[in-house]
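A short worksheet on the structure shown next.
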Ligand SMILES: Nc1ncnc2c1ncn2[C@@H]1O[C@H](COP(=O)(O)OP(=O)(O)OP(=O)(O)O)[C@@H](O)[C@H]1O
Ligand SMILES: [Mg+2]
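Numbering (my numbering), first residue to last: 2 to 582.
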């Protein structure tokens with residue numbers, strides 16, 4: 002059978018507005034067959050989006066060839082047909098929105114395809130219901146949360162029923178439940194015979210494909226089954242990638258509990274392979290729960306905060322319904338909750354982008370209800386990085402973008418240069434490689450890093466980060482978390498929202514679970530992360546470590562409470578084993 006997509010010695014250069022070229026793909030050759038389920042991974046800037054855009058003729062090779070269903074993508078006459086075969090859901094779904102209300106957004110593609118009216122109505126209803134957007138069907142897309150926009154973009158492509166769909170980090174802005182929904186529908190579409198290629202920075206998602214293509218600096222570094230790719234952790238590491246969390250934990254646990262196969266790639270398999278406690282062998286030694294969380298000076302106080310978007314219009318939306326939040330100096334306070342639950346709205350109250358409509362917000366000595374407060378000095382103390390980098394980039398060159406704030410604050414010459422260089426290095430953007438790059442000519446992850454560096458360059462006292470890890474590859478995520486930890490040690494206070502709950506367990510000191518505009522639970526990390534029911538009740542998926550601890554307890558292991566980090570779990574198991582020998 003003829004492959005659906007053939008790529009033959011593809012080279013591609015991006016050409017910048019000043020004529021400079023960036024080599025994005027080098028000698029890529031591969032085939033994708035009908036019905037395959039393929040994941041495409043690689044570090045930020047490795048060429049994933051560029052390659053994917055060749056498959057529906059959004060990019061044309063600089064040299065080499067791409068054929069889709071036998072159609073040469075370099076011939077403009079083939080483009081319409083190619084795009085009816087291959088649908089694409091982009092990394093920044095806002096770019097994809099054209100209609101003024103949600104329903105029309107889905108209808109648009111169908112109208113262009115000439116689908117009959119009754120069939121259209123049926124399909125729109127089905128996809129909007131499936132993606133939990135039915136209630137929003139009359140709202141304008143730009144008023145939806147980022148996660149909702151991402152679901153809408155997906156619904157719009159799915160309604161067209163193409164034979165191949167390419168997903169470019171479609172799950173990046175989604176909460177874990179939303180991610181599972183997308184992965185389920187990907188598997189379902191694949192089961193029905195559709196060809197699917199998906200790009201992701203989440204290794205556990207990549208592992209669900211039949212085949213993985215790994216890019217490194219524009220070349221194919223690996224093209225193999227997930228089992229084979231993930232059996233080479235050293236190579237993965239050198240490519241800026243990592244093992245899926247379940248596999249990493251399985252390897253660690255297998256050293257203590259040899260019955261666990263270290264090849265498991267999924268959470269479910271790992272949980273089902275946990276051994277029962279052997280009471281004959283180990284003597285239980287119950288330890289008292291660890292507690293204690295001294296209260297410092299409270300730096301930020303939010304009380305009974307309410308916020309209504311577009312009050313008094315038919316589009317009125319209550320997004321905060323009486324929120325309380327206390328944050329002390331040098332806390333790392335995580336806001337966790339489903340998309341649309343109000344986290345971004347809350348963050349924007351803390352640097353004064355929104356003023357309290359009802360309730361109060363105090364940040365250090367500033368009362369945000371006071372119309373006369375000095376906004377400029379508040380903003381120089383509190384940095385905010387939005388979820389979507391495109392809302393925050395406005396300079397032409399990367400270096401100027403990052404220097405913008407420090408320049409306003411009076412830095413010049415060598416001092417300014419040093420500050421910019423440091424900030425870029427903190428987020429893993431090489432100073433000389435990136436300072437003169439165009440901000441519009443960057444990959445999704447690179448853009449995100451520029452907005453993070455811009456905020457860090459201001460040396461803020463308080464930093465508000467909305468989904469800082471979304472779009473970053475595994476090494477960049479780790480690098481950023483390490484940099485933030487160091488900054489907190491030297492005085493920074495951090496409030497961040499994130500769907501990467503496992504990575505947040507490594508940095509957060511406190512957690513608030515946000516659900517439908519309210520705080521569903523709040524407390525120290527140990528008091529929230531160790532209790533998976535608390536997180537599940539708030540609509541989240543609990544991290545794997547406390548889930549394993551619970552599962553082991555259910556199998557008779559007398560583990561102490563408050564286990565939510567890998568090292569705690571491993572040492573608790575070791576303690577029990579040593580007590581038995
Ligand atoms: N419009 C553009 N103009 C110039 N260079 C670009 C442009 N878009 C991407 N690039 C560059 O091409 C290379 C590949 O980018 P691409 O967007 O394909 O990476 P990616 O693997 O999708 O990264 P990410 O994980 O960050 O989304 C990078 O060096 C990037 O900086
Ligand atoms: Mg990309």
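Quick reminder that beta carbons are idealized off the backbone N, C-alpha and C, glycines included.
Distance between residue 139 and residue 347 (C-alpha atoms, nearest Å)
25 Å
Given that a residue counts as buried once 16 or more other Cβ atoms are within 10 Å of its Cβ, and exposed if not, what is residue 67?
buried
Taking 8 Å as the line, does the beta carbon of residue 96 fall inside it for any heavy atom of ligand 2?
no
When the distance is taken between beta carbons, is residue 350 closer than 9 Å to residue 333?
no
Exposure label - residue 352; buried when at least 16 CB within 10 Å
buried
I'd like to check one pair, residue 464 with residue 425: are the Cβ atoms closer than 9 Å?
no
Which of the three DSSP states is assigned to residue 523 in this structure?
strand
Please report how far the alpha carbon of residue 141 lies from the alpha carbon of residue 94, in whole angstroms.
14 Å
Looking at residue 23: is its Cβ nearer than 9 Å to the Cβ of residue 34?
no
Answer yes or no: the CB of residue 42 versus the heavy atoms of ligand 2, is any distance below 8 Å?
no
In terms of residues, what are the limits of the beta strand (DSSP E) holding residue 329?
318–329
How should residue 167 be labelled, buried or exposed, when 16 other C-beta atoms within 10 angstroms of its C-beta is the threshold for buried?
buried
Could you pull out every unbroken beta strand (DSSP E) segment of at least 3 residues lying fully inside the segment 361–407, listed in chain order?
383–386
Would you kindly report the start and end of the unbroken alpha helix (DSSP H) that includes residue 249?
246–257
Below 7 Å CB to CB, which residues in the same chain sit around residue 253 once its five sequence neighbours on both sides are set aside?
567 and 571
Identify the residues that DSSP records as bridge partners of residue 22: which are they?
16
Give every residue of the same chain whose Cβ lies closer than 6 Å to the Cβ of residue 267, excluding the five residues on either side of it in the sequence, and list them in chain order.
247
Residues near residue 435 by beta carbon distance below 6 Å, same chain, minus five either side
399
Residues bridged to residue 169 (per DSSP):
200
Residue 503, DSSP secondary structure in three states
helix
Keeping to the same chain, check which residues put their C-beta closer than 8 Å to that of residue 257; ignore five residues upstream and five downstream.
571, 574, 575 and 578
Quick one: what does DSSP say residue 288 is sitting in, helix, strand or coil?
Because residue 288 carries a pLDDT of 40, less than 50, the predicted location of this residue cannot be relied on, and the following value inherits that uncertainty. Residue 288 falls in the coil class under three-state DSSP.
Measure the CB-CB distance between residue 326 and residue 520 and report whether it falls below 9 Å.
yes
Starting from residue 128, follow the alpha helix (DSSP H) in both directions and report where the run begins and ends.
118–131
Given a cut-off of 9 Å, decide if residue 137 and residue 129 are closer than it, judged by their beta-carbon atoms.
yes
Give the straight-line distance between the Cα atoms of residue 81 and residue 548, rounded to the nearest whole angstrom.
48 Å
Only counting runs of 3 or more residues, tell me where the beta strand (DSSP E) segments fall wholly within the segment 62–95, in order along the chain.
64–69 and 87–90
For a test of the three-state rule: what should DSSP assign to residue 485, helix, strand or coil?
helix
Measuring only from the beta carbon, is residue 1 closer than 8 Å to any heavy atom that is part of ligand 2?
The question about residue 1 has no answer, for the chain in this structure spans 2 to 582.
With DSSP run on the structure shown, which of helix, strand or coil describes residue 564?
coil
Kindly indicate the opening and closing residues of the alpha helix (DSSP H) around residue 554.
545–555
Given the structure, does residue 170 come close to ligand 2, in the sense that its CB is under 8 Å from one of the ligand's heavy atoms?
yes
Cut-off 6 Å between Cβ atoms - residues of its own chain near residue 276, not counting five sequence neighbours on either side
258 and 260
In this structure, does DSSP put residue 213 in helix, strand or coil?
strand
Beta carbon of residue 32: closer than 8 Å to some heavy atom of ligand 1?
no
If residue 243 sits next to residue 204, beta carbons under 8 Å apart, how far is it from one beta carbon to the other, in whole angstroms?
6 Å
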